[in-house]
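A short write-up of the structure that comes next.
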């Protein structure tokens, strides 16, 4: 019986890392404070520069206002999100490559919702926030990955200097 329990424990231990790898692009580090190519979750107890971001759609075009944000390397930002539109929208912060890859997954599973340190989905007229520390210089992407939204213009850049 004991060897059977040890064997089962070993199987479970080996399966767990595989499950995390399958979770999807950018999933590693969600909720764990781990650093990514585009930074790490911020500490809400520490000072952060407030940047208001409005999500909306009008005449078939979807947008973030602003769609370009400049940040100093090491700076912590609080993105105050507001969905002024009539549809659900989300903001997913990642590298462009990760967001494009994740967008393909969203095509297969359009009801996938994000409420990770680097992503927030909002219903119409709702608000939310993302607190993020940008630890590396570079150009990063934020997009609404709900199918069709990025393609309709709902994307932006964060430039970290």
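Numbering (the working numbering), first residue to last: 22 to 182. Even for Gly, the Cβ is constructed at its ideal location relative to N, Cα and C.
For this session: Return the residue from the list 122, 73, 84, 89 that minimises the CA-CA distance to residue 99.
Result: Your numbering for residue 99 matches position 78 in the chain shown. Ranking 122, 73, 84, 89 by Cα distance to residue 99 puts 73 first.
Exercise. Which first and last residues belong to the beta strand (DSSP E) in which residue 83 is found?
Worked result: Numbered from 1 along the chain shown, position 62 holds the residue referred to as residue 83. Note, residue 83: beta strand (DSSP E), 82-86.
Problem set entry | Residue(s) in a DSSP beta bridge with residue 99 | Against the chain shown, residue 99 aligns to sequence position 78. Per DSSP, the beta bridge partners of residue 99 are 71, 152.
Exercise. Which same chain residues, not among the five before or five after residue 156, have their C-beta less than 8 angstroms away from its C-beta?
Worked result: In the chain shown, counting from the first residue as 1, residue 156 sits at position 135. For residue 156, where only same-chain residues beyond five positions count, the Cβ hits under 8 angstroms are 56, 60, 61, 94, 95.
Exercise. What are the boundary residues of the beta strand (DSSP E) that includes residue 114?
Worked result: Against the chain shown, residue 114 aligns to sequence position 93. Segment 110-115, the beta strand (DSSP E) holding residue 114.
Exercise. Should residue 141 go down as buried or exposed, given a rule of 16 or more other Cβ atoms within 10 Å for buried?
Worked result: Along the chain shown, read from residue 1 onward, the residue named residue 141 stands at position 120. Residue 141 comes out buried.
For this session: Enumerate in chain order the residues of its own chain whose CB-to-CB distance from residue 178 is below 8 angstroms, with the five nearest sequence positions on each side excluded.
Result: Position 157 of the chain shown, counting from 1, holds the residue named residue 178. Answer for residue 178: 88, 89, 90, 160, 161, 162, 163, listed in chain order.
Problem set entry | Alpha carbon of residue 144 to alpha carbon of residue 86, nearest angstrom | Start at 1 with the first residue of the chain shown, and residue 144 comes out as number 123. Start at 1 with the first residue of the chain shown, and residue 86 comes out as number 65. Distance between the alpha carbons of residue 144 and residue 86 is about 17 angstroms.
Exercise. DSSP three-state call for residue 143: helix, strand or coil?
Worked result: In the chain shown, residue 143 corresponds to position 122, counting from 1. The answer is strand: DSSP assigns residue 143 an E or B state.
Exercise. Residue 118 by DSSP, collapsed to three states: which one?
Worked result: Mapped onto the chain shown, residue 118 falls at position 97. Residue 118 falls in the helix class under three-state DSSP.
Problem set entry | Residue from 97, 101, 165, 108 with nearest C-alpha to residue 79 | Sequence index remark: in the chain shown, residue 79 carries index 58 (1-based). Of 97, 101, 165, 108, the residue nearest in Cα terms is 108.
Exercise. Based on the DSSP secondary-structure assignment, which residues constitute the bridge partners of residue 78?
Worked result: If you number the chain shown from 1, residue 78 lands on position 57. 83, per the DSSP bridge assignment.
Exercise. Just the Cα atoms here: how many angstroms apart are residue 50 and residue 113?
Worked result: Position 29 of the chain shown holds residue 50. Position 92 of the chain shown holds residue 113. Unreliable positioning characterises residue 50 in this predicted model, as indicated by a pLDDT of 37, which lies under 50. A coordinate reading is not provided.
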